[in-house]
Amino acid sequence: MKKIAILGSTGSIGTQTLEIVRNNPDLQVVALAAGTNVEKMEEQIREFRPLAACMWRSEAAEDLRVRVADLDVKILSGMEGLLEVAVFPESQMLVTAIVGMIGIRPTIAAIEAGKDIALANKETLVTAGHIIMPLAREKNVAILPVDSEHSAIFQSLNGELAGKPFRRYVEYDGKKIEKILLTASGGPFRGRTREQLKAIRPEDALKHPNWTMGRKVTIDSSTLVNKGLEVMEAKWLFGVELDQIQVVVHPQSIVHSAVQYVDGAIIAQLGVPDMKLPIQYALFYPDRRPMRGERADLFALGQLTFEAPDTDTFPGLALAYRAARRGGSLPTVYNAANEKAVQLFLENRISYLGIAELIEKAMDHHKVTAAPNVEEILEAEQETYAYILSLL
Ligand code: MG
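Numbering (our numbering), first residue to last: 179 to 570.
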């Protein structure tokens, strides 16, 4: 029996993780955490019977406590509750499906407690990769990517680990990797000009062509900021240099990413766009379990196409490389500025093109701290939020 805890259980990745739990009787959920969706949390508690459940807001936790008073489940709230779920004694693995920098502290706590991490919280590595990866190595904890692209890269690298004993902390022979080909669908506005993007409204940007995802990541996909965050994540996860990561626009979203080796061989992972595969792969690594569902039909697909990203129209990606190259606290600013700008865009307070403009302004304004600690990362986040609001 494998026991897991989930941060962000009511969101898109969280609910899909629970679907995998439902289909695999040897998986058990021992603790759950969510933001505000009390109704869904109650349903999840009644179905999966965790020992503890945390709601971010204390009012939501109060509400939940009343709703599940008939059950033996410990109800928690706030950061204290998130931390308790993260290090829950009965769990072996933490699924970090929470969105935002709120995931940093719980992830660090879980690694310190020796829990393997199924990582879906991008912000953790983007802003604190320099803290997380050395800590994972020290604690011999596996960081298993849940993001489809990183899972594809991980799967494409596994042949290179064959014959070696399974270790939890996975390290790659960087000398064998020439580059990582990180695929991107290009989002719903691929091929458009900046002129055409001026009038984009939130409802246009919330329609993703291939993937079903949360609201923020859907907007981030359309601006290529999501890809920018993924470039930074890949750098930390696979220990490669920034210049070894090449973004490839692949509108069909069948090739989920690839690794090009020093002998020219390219190993890729292909499949239909469905997050359940990367989630399941992380949960059972190094095993590969059967999974029902649609298969990629190569005859029906006919052809797969690839093109270079248009970084002039979508500056979000170029800004990510700039932030990552400078490093320190600048990736935090990139991420925080985007988070705030996307929120403002969804509230119809700034234009679509204003998202990347605000990121750039915040990056220009920031004085970079090299190797920031967690407090400094969270400070840079708050400063960036305040700066963006001061510009309105
Ligand atoms: Mg992705």
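We treat Cβ as the ideally placed atom computed from N, Cα and C, and that holds for glycine.
Keep in mind the model is a prediction, meaning the values are calculated, not measured.
Would you decide whether residue i is buried or exposed? Buried here means 16 or more other CB atoms lie within 10 Å of its CB.
i	result
I444	exposed
F477	exposed
G406	buried
G341	Low local confidence applies: a pLDDT of 47 at G341 is under 50, so the model's placement there is unreliable, with the coordinate-based value given in what follows. Exposed.
L479	exposed
S329	buried
T483	exposed
Q560	exposed
Go ahead and pull the three-state DSSP assignment for residue i.
i	result
Q206	strand
Q333	helix
S435	strand
M279	helix
D421	helix
A558	helix
E240	helix
K293	coil
V450	coil
V552	helix
V440	coil
G192	helix
V395	helix
A340	Caution applies to A340, whose pLDDT of 47 falls short of 50 and renders its modelled position unreliable; the value that the coordinates give is listed next. Three-state result, A340: coil.
I182	strand
G471	coil
A377	coil
V324	coil
Do residue i and residue j have their C-beta atoms within less than 9 angstroms of each other?
i	j	result
V263	A211	yes
A209	A183	yes
I358	F416	yes
P284	V251	no
P323	E411	yes
L524	G532	no
I555	A314	no
M453	S190	yes
I321	D294	yes
A275	T195	yes
N202	R473	no
Check the C-beta distance from residue i over to residue j and give it rounded, since I have them as a contact under 8 angstroms.
i	j	result
P380	N526	7 angstroms
G256	L185	Not confirmed; about 13 angstroms, so no contact.
V409	Y512	The Cβ separation is near 11 angstroms, so there is no contact.
- Message: Tell me which residues pass a beta-carbon proximity test against ligand 1: closer than 7 angstroms to any heavy atom, given in chain order.
- Response: D325, S326, E327, N404, E408
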